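So the sequence lines, in the order shown, correspond to chains A and B.
Just so we're aligned, residue 148 is where the first sequence starts under this note's numbering, counting upward by one.
Just so we're aligned, residue 4 is where the second sequence starts under this note's numbering, counting upward by one.
Even glycine gets a Cβ: it sits at the ideal position worked out from N, Cα and C.
Since the model is a prediction, treat every value here as computed from it, not as a measurement.
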Amino acid sequence: MTPILSLNGVTKRFHGGTPSEVLALSEVNLAVAAGDFVTIIGSNGAGKSTLLNAIAGLVDLDAGTIAFEGRDVTRAPVYRRAAVIGRIDQDPGDSTCAAMTIEENLAMAERRGMHRGLRRAVTASARARFAAALAPIGLGLQTRLAARVGTLSGGQRQALALLMATIAGARLLLLDEHLAALDPRTADIVMGLTERLVVAHNMTTLMITHKMQDAIRIGNRLIMMHEGRIILDVRDAAKAALTVDALVARFHQAGGDISEDRVLLAT
Amino acid sequence: MAQVQALVLNMFEQGFLYAFLGLGVLITFRFFRFPDLTAEGSYPLGGAVAAALLVQHVDPFVATFAAAAAGATAGVVTALIHTKLRINNIIAGIIAMTALYSINLRVMGKANVPLLTTPSVFSETIGWFNQLGLDLPDNVFTTIPIVFVLLALGALVLIWFFTTDLGLAVRATGQNETMIASLGVDTDRTKMVGLGLSNAFIAFSGALVAQNHGFADIGMGIGILVTGAAAVLIGEAIFGDRTVAWWVVAVICGTVIYRLLVALALRVGLEPVDLRLVTAVLLLLALTVPRWRRHVFG
């Protein structure tokens, strides 16, 4: 079966040719099957975010290819890949538009990958759809459709971003520490919502997290990155059998200096 | 009393004429969050294109809308310089503004084209009504309703546009480009639409002002971006910025108030040479008063 996403020899250098050259991705090979929920861990600078940004098209590769459902998208711009890829960043300000209203944000998300013409964006039927989609989240957003997104809390904004990423036909979801800016209670709510939406929309998901417990508990596959490479890739039963201690040991084995890393703090 | 009446009439007439400029500047300055200097070239371009066509006996409405189309083209060129050649948006505007100076001179053929004897959208409209048996004069009492109707139509078009799928994408492009691109929008295209629409309004304003003042001049665009920005800022300072419709109305009111303040400044003895200084002070006030007001009442 063709993987939904496949990376072959993906390499990315920053500041190439200067003394501060960083090898962010080093010949990364990765095949993700449809329906996989992959958690990604690794120290700062391991290349996790660059990996997701490369898949989304935000960074140009120095070498390698990326294919989506067997179709080469290596040179496709962000907006073309966006038809099938939903993406949420760590900063709640990045994935929603603060100056516009909740209903306007959702209306923009509903047209993902579609032609945008001179049709009225927020109609009465659209409002009814948005309210119905927001109600189960439980944050009361369905009654505030005309409120500016800038007036929402970080958790509300990330919940809205999740809905925007999943509302219209994206098949791959990229989450770059989307809970990192939230307090623990809100993070739990948004994580629960993430899992529900991923199942409901049958999405393939790649999630970066710095919480090892989340990485082990959530999803069916875990990869660990270090210095631009994937150094651990476990799935299903083997993943379920992982422990935080085993991951830390594995990390030391790879030569990672875990002492000064958030990974340790989060365990 | 007659003086007050003249002041008020002038305020509405000039305010409505320049309000198209304010609305054009609103799109770039507020929705796209950068001061688009193309305005300094597209505003006189509107006057130049209208003047060149009017002296060739082209219908005034055709000439005025051709001016808007020329302005839209200028805006699209600025957007292309910015997106395809990857040049900073302010620099792209400066390049377009510089090129337009020569283009405007070429279009007009000389630095100043008098339009006192040619028909205008105002004389044309009054002519239609007079054919129906009315006897309307061509003065400020007839210009104000004519400009008001055009302005109301323009405002409705803007408000409608910014509630469509494309309009939302254009607004989001200025607010959060990464986000709207990750929803599948080609932001090169939405920038062309936004800058084109903005400069169409600005050139339309230039075409109307030229016909109202009776001439098009190569220097009519100097400092015009600041005039538009002053209208936007005064409107915001007084009315705030709740929805697009509210914003549009605020900018129209802001332009009218700006013209009143300028007229008052002249009335209290300042000379036309002082007007830029007056504008600068008004801009400073519009920028600082809302902050100060929040500080005191907030």
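Residue span of the alpha helix (DSSP H) that contains residue 102/B, given as start and end
92 to 111 is the span of the alpha helix (DSSP H), which, as asked, contains residue 102/B.
Any beta carbon from chain A within less than 7 Å of residue 13/B's own beta carbon?
Chain A, which has no Cβ nearer than 7 Å to the Cβ of residue 13/B, makes this no.
Between residue 171/B and the rest of its own chain, which residues show a CB-CB distance below 8 Å, the 5 nearest in sequence each way excluded?
Around residue 171/B, the same chain offers 165 as residues with beta carbons nearer than 8 Å, after the five sequence neighbours per side are excluded.
Taking contact to mean 3 or more Cβ pairs, one atom from each stretch, closer than 8 Å, check whether the region 85 to 100 of chain B and the region 186 to 198 of chain B are in contact.
With the cut-off at 8 Å, the region 85 to 100 of chain B and the region 186 to 198 of chain B touch.
Test: residue 267/B CB closer than 7 Å to a CB of chain A:
It does not; no Cβ of chain A falls within 7 Å.
Return yes when the C-beta of residue 261/B is under 6 Å from any heavy atom of the ligand ADP, and no when it is not.
This structure lacks the ligand ADP; in fact it carries no ligand of any kind.
Starting from residue 174/A and walking both ways along the beta strand (DSSP E), at which residues does that stretch end?
Segment 169 to 179, the beta strand (DSSP E) holding residue 174/A.
Per DSSP, what kind of secondary structure is residue 215/B in: helix, strand or coil?
Reduced to three states, the DSSP call for residue 215/B is helix.
Among residues of its own chain, excluding the 5 on either side of residue 159/A, which ones have a beta-carbon nearer than 7 Å to its beta-carbon?
Correct list, in chain order: 171, 172, 197, 201, 206, 208, 209.
Please report the straight-line C-alpha distance between residue 228/B and residue 202/B, rounded to a whole angstrom.
So the two alpha carbons sit approximately 11 Å from each other.
Shorter than 7 Å from the beta carbon of residue 201/B to some beta carbon of chain A?
No, its Cβ sits nowhere closer than 7 Å to a Cβ of chain A.
Determine which residues share a DSSP beta bridge with residue 373/A and list them.
Partner(s): 376/A.
For residue 78/B, the nearest candidate out of 64/B, 61/B, 44/B (CA to CA):
Checking every option, the nearest Cα to that of residue 78/B belongs to 44/B.
Chain B contacts from the region 215 to 235 of chain A (Cβ-Cβ distance under 7 Å):
Listed in sequence order: 225, 226, 229, 230, 234.
Hey, could you find the ends of the alpha helix (DSSP H) residue 87/B is sitting in?
First-last of the alpha helix (DSSP H) with residue 87/B: 63 to 87.
9 Å Cβ cut-off: residues of chain B touching residue 374/A
Going along chain B, no residue has its Cβ under 9 Å from residue 374/A, so there is no contact; the nearest lies around 27 Å.
Residue 389/A versus residue 363/A - alpha carbon distance:
Distance between the alpha carbons of residue 389/A and residue 363/A is about 7 Å.
Would you check if the distance between the CB atom of residue 283/B and the CB atom of residue 240/B is smaller than 7 Å?
In this structure, residue 283/B lies away from residue 240/B, with their beta-carbon atoms at least 7 Å apart.
Measuring alpha carbon to alpha carbon, tell me which residue in 18/B, 29/B, 24/B, 10/B is nearest residue 247/B.
Checked all of 18/B, 29/B, 24/B, 10/B; the closest Cα to residue 247/B is 29/B.
Using a cut-off of 9 Å between C-beta atoms, extract the partners of residue 238/B located in chain A.
Taking a Cβ-Cβ cut-off of 9 Å, residue 238/B has no neighbours in chain A, whose nearest Cβ is about 17 Å from it.
For residue 107/B, count neighbouring C-beta atoms within 10 Å of its own C-beta (all shown protein chains included) and say buried if the count is 16 or more, exposed if not.
Counting the other Cβ atoms within 10 Å of the Cβ of residue 107/B gives 16 or more, which makes it buried.
Quick check on residue 153/A: buried or exposed, where buried means 16 or more other Cβ atoms within 10 Å of its Cβ?
That one is buried.
C-alpha gap between residue 155/A and residue 174/A, whole angstroms
The straight-line gap from Cα to Cα measures roughly 7 Å.
Near residue 413/A, which residues of its chain fall below 6 Å by C-beta distance, leaving aside the five closest residues on each side in sequence?
Because the pLDDT of residue 413/A is 45, which lies under 50, any placement of that residue in the model is unreliable, and the number read from its coordinates should be weighed accordingly. Taken in chain order, the residues that qualify are 357, 358.
Given residue 187/A as reference, the closest of 288/A, 251/A, 204/A, 361/A once Cα atoms are compared:
Ranking 288/A, 251/A, 204/A, 361/A by CA distance to the CA of residue 187/A puts 361/A first.
Which residues share a DSSP beta bridge with residue 158/A?
DSSP lists 210/A as partners of residue 158/A.
Count the other C-beta atoms from every protein chain shown that fall within 10 angstroms of the C-beta of residue 214/B, then say buried if there are 16 or more, exposed otherwise.
Counting of Cβ neighbours within 10 angstroms places residue 214/B among the buried residues, the total reaching 16 or more.
Nearest neighbour of residue 180/A, chosen from 319/A, 295/A, 246/A, 340/A [CA to CA]
Nearest Cα to residue 180/A within the set 319/A, 295/A, 246/A, 340/A: 319/A.
Which residue marks the beginning of the alpha helix (DSSP H) containing residue 346/A, and which one marks its end?
Residues 331 to 347.
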